[in-house]
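*Asks:* Residue numbers (this note's numbering): 2 to 184. Glycine is no exception: its CB is placed at the ideal position from the N, C-alpha and C atoms. First, the structure itself, so that you have it in front of you.
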């Protein structure tokens, strides 16, 4: 009986709260317009080119994968996993045409870095890796994929706070890479 009375009391309290909850005021005609959200913090920009003599795939499913990592010497041990620095950001760009200009921002952060304050990575030098994947599937590696790497210097830029875009040149895999990715 006591439990039934207690349940009724809780129900009555919740019902009153629903009936008596305050209503939101209507927007006035002179209300300020809604402001757009600030753009996500920029991580890096750059251009991906194809090396002379390299043959890009003509597959309609091809995709360009661009990954940014902090230069290992600048990373606090706290952010190193199994001796490696996890990618800071990664993005997939379907059916690119070259030269291809890319931009990575905070929406491209990997789960490992999503909760880390931007002050930890925003001014650090980056290694930018790119791969033109012939089948467009990130998990596969094919001998026809083109790969490349470049640097984006932020911390060691000539003028602090001003850095230039990364330049990445894609080339074919070397002999070892073709052997390791052969099917």
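Please return the same chain residues whose Cβ sits closer than 6 Å to the Cβ of residue 58, not counting the five positions on each side in sequence.
*Replies:* 135 and 145
*Asks:* Report the start-end ranges of each alpha helix (DSSP H) in the stretch 83-134 that is 4 residues or longer and not cut off at the edges.
*Replies:* 112-115
*Asks:* Taking 8 Å as the CB-CB cut-off, is residue 43 touching chain B?
*Replies:* Absence of chain B from the displayed structure is noted, only one protein chain being present.
*Asks:* Suppose you measure from the CA of residue 1 to the CA of residue 89; what does that come to, to the nearest Å?
*Replies:* The requested residue 1 is not part of the displayed model; the chain covers only 2 to 184.
*Asks:* For residue 45, is the classification buried or exposed, using 16 other Cβ atoms within 10 angstroms of its Cβ as the cut-off for buried?
*Replies:* buried
*Asks:* What's the C-alpha gap between residue 119 and residue 164?
*Replies:* 17 Å
*Asks:* If you measure between the beta carbons of residue 131 and residue 169, is that distance less than 8 Å?
*Replies:* yes
*Asks:* In its own chain, which residues sit with a C-beta less than 6 Å from the C-beta of residue 93, not counting the 5 before and 5 after it?
*Replies:* 64 and 66
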